[in-house]
Amino acid sequence: MKLEKIKLTNFRNLDEIEIKTNPRLNLIFGPNGSGKTNFCEAIYFASTGNNLKGRRQRELINWDSEYTLVKLATANDDVVVVYLETGDRKELKVNSKNARQSDLRSLIPTHIFVPGDLYIPKGPPQQRRDMLNRQLGLLSADYGKRLSEYQSELKKKNTLLKKDKMNEEFLSVLNERLVDLGVEISLKRANYLQRLNERLPEIYGLFGPPEEKLSLHYAEDISPESSKEELKALLMNQLEENRDREMKQETSVVGPHRDKFEYRLNGKNLRKFGSQGELRTAVISTYLAYLNLYEENFEEWPILILDDILSELDRGRGESFLENLPEAPQIFMTTATRDSAFKKLSGEFSVLRINGGKILQK
Ligand SMILES: Nc1ncnc2c1ncn2[C@@H]1O[C@H](COP(=O)(O)OP(=O)(O)OP(=O)(O)O)[C@@H](O)[C@H]1O
Ligand SMILES: [Mg+2]
């Protein structure tokens, strides 16, 4: 998927921007606070409906305006328009027809990488879970569907656990549904980890010593070979064991929403023993492995948005990252400094200078 044109109106500090994009690489330079992240966020928002900063969509509208508009024209001649008003009215259109967010997500698949992602291997378990959910959600629509079903059942259960008089029968029904959905989610995760692990050592070797073997694992005993029955029994058992705890804490504490994953380097838990560089390289390798899998699945690439990544990498790693970026996808990459690592860039690219919310196309 590639974008040909981007038009933004009143999107955060970017009041009016209209640019033609490069099919390969778009480098966005500008000082701190100029609007680089906002530019990335506009593309990401149109695709996913999510903000990068803050949670409320209306925060995306320029402070002095009543609405914002993001218009994207794709290389396949589709035109996507996302319109948002301060009153939270939102319209999504593809070729002038009303569309849903899921249509946009599949029409303009994007993958974003922000500096905070480099801390995923070291951070709390939720960060690794979220990363896997994001990646799997884009690889498999079915996974995304199962996960949102699971989350909606989980919400019901948490509401129930907070009630003074709890309906035990309803709790059992919900637990059964959560187990069914949970097992499917866990198996899909385990399968995905296996496919990632087939690629991780080689990709990690591009950055570090080739004899080091990186892998990402379920901390629990779940593997793609586990049978559904086995996993159902395991999860049911855990739910039974934690029943009192869940009642007491008034929240659900077992299931895929609490799954833990760990990176291992030569079998050792990276979170405990890894150096900063090893931790960062682990996540970059995972992103590259995921992109390979994505391409293998769909025979096309998502749009890559790389916001300020190089600022957190040392020179050698930044250069290796740029050298190993896949050739085919369209990339939007921001930086506040004209880093010497860019000298390593080959092929065609465009440079956009951004200052005070305005883009000057070069
Ligand atoms: N809704 C809004 N309306 C107007 N301006 C906004 C809005 N939301 C954020 N801004 C402003 O947009 C400016 C640019 O933010 P942005 O994060 O895009 O900068 P940046 O170029 O990525 O900077 P850095 O290099 O520090 O990451 C900030 O000064 C911020 O205050
Ligand atoms: Mg920024």
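First residue of the sequence shown: 1231, per the working numbering; consecutive thereafter.
Cβ coordinates follow ideal geometry from the N, Cα and C atoms, glycine included.
Taking the beta carbon of residue i as the centre, do at least 16 other beta carbons fall within 10 Å, making it buried, or is it exposed?
i     : result
S1515 : buried
Q1506 : exposed
K1395 : exposed
Q1381 : exposed
Q1479 : exposed
D1537 : buried
K1387 : buried
L1590 : exposed
E1549 : buried
T1565 : buried
E1587 : Here residue 1587 is Gly; the residue named in the question, Glu, does not match the sequence. That one is buried.
G1504 : buried
R1545 : exposed
N1268 : buried
T1481 : exposed
A1596 : This structure does not reach residue 1596, given that the chain is present from 1231 up to 1592, and the question cannot be answered.
K1266 : buried
M1477 : exposed
F1551 : buried
S1457 : exposed
E1471 : exposed
R1475 : exposed
N1585 : exposed
F1221 : Nothing can be reported for residue 1221, as the shown portion of the chain is limited to 1231 through 1592.
R1488 : exposed
Taking C-alpha atoms, which residue in the options lies nearest to residue i?
i     : options                    : result
Q1560 : N1243, R1242, K1237, N1256 : N1256
R1583 : E1471, M1231, E1557, T1251 : T1251
E1432 : R1425, K1443, F1503        : K1443
L1404 : A1420, G1485, R1330        : G1485
K1502 : V1300, H1341, P1351        : P1351
E1508 : K1266, P1440, Y1274        : P1440
E1455 : Q1479, L1436, K1490, R1419 : R1419
V1311 : N1328, S1295, E1296        : N1328
L1411 : A1566, G1374, P1354, P1253 : G1374
N1240 : T1316, E1549, Y1274, L1390 : T1316
R1285 : D1318, K1392, V1324        : D1318
E1578 : L1465, I1273, P1253, R1242 : P1253
E1234 : E1529, L1390, I1249, N1243 : I1249
R1335 : Q1468, S1370, M1361        : S1370
N1262 : L1575, S1580, T1567, V1581 : T1567
Y1524 : L1348, R1358, R1425, L1384 : R1425
D1333 : E1296, L1362, I1236, L1368 : L1368
G1497 : H1447, S1416, E1553, E1399 : H1447
S1378 : A1305, N1243, S1277, L1408 : L1408
V1581 : F1259, I1236, N1243        : F1259
I1535 : D1294, N1280, E1476, H1341 : H1341
L1366 : L1417, K1393, E1399, L1384 : L1417
E1529 : R1242, L1401, N1585, A1558 : A1558
L1244 : R1473, L1391, W1293, S1277 : W1293
Taking the beta strand (DSSP E) that residue i falls in, what are its first and last residues?
i     : result
Y1493 : 1491-1495
Q1515 : Note that residue 1515 corresponds to Ser in the displayed sequence, not to Gln. Note, S1515: premise wrong, no beta strand (DSSP E); alpha helix (DSSP H) at 1506-1528.
K1235 : 1233-1241
T1565 : 1561-1565
A1558 : Premise fails: A1558 is in no beta strand (DSSP E) and is neither H nor E.
K1320 : 1320-1324
D1245 : 1244-1250
R1286 : That residue, R1286, is in no beta strand (DSSP E); it is neither H nor E in DSSP.
E1315 : 1309-1315
R1488 : Counting along the chain, R1488 falls outside any beta strand (DSSP E), and DSSP gives it neither H nor E.
I1584 : 1579-1585
I1535 : 1533-1537
L1299 : 1297-1304
N1256 : 1255-1259
How far does the alpha helix (DSSP H) with residue i in it extend, from its first residue to its last?
i     : result
F1551 : 1545-1553
R1475 : 1473-1479
E1271 : 1266-1278
R1501 : 1500-1503
Below 8 angstroms on the Cβ atoms is my contact criterion, and I expect residue i with residue j to pass it. Report the Cβ-Cβ distance as a whole number of Å.
i     : j     : result
P1345 : P1532 : Contact flag wrong, Cβ pair sits at about 19 angstroms.
A1512 : Y1493 : 5 angstroms
R1330 : L1337 : Incorrect: roughly 11 angstroms between the Cβ atoms, too far for contact.
T1298 : L1282 : At roughly 14 angstroms, the Cβ-Cβ gap does not stay under 8 angstroms, so T1298 and L1282 are not in contact.
V1324 : D1307 : Not a contact, Cβ separation roughly 11 angstroms.
K1490 : A1449 : 4 angstroms
L1436 : N1554 : 5 angstroms
N1421 : S1445 : That pair is no contact at about 15 angstroms.
Q1357 : K1320 : Rounded, the Cβ-Cβ distance is 28 angstroms, inconsistent with contact.
I1247 : K1232 : So it is not a contact: roughly 18 angstroms between Cβ atoms.
L1461 : V1413 : 5 angstroms
Counting only runs that start and end within the stretch 1382-1470, where is the beta strand (DSSP E) found for 3 or more residues in a row? Fully contained in the stretch 1382-1470 are the following beta strand (DSSP E) runs of length 3 or more, in chain order: 1444-1448.
Which runs of the alpha helix (DSSP H) at least 4 residues long sit entirely within the stretch 1326-1368? Give them in chain order. Runs found: 1331-1337.
Beta-carbon distances below 5 angstroms to any heavy atom of ligand 4 define the shell here; list its residues in chain order, please. Here the bound small molecules are ligand 1 and ligand 2; ligand 4 is not part of this structure.
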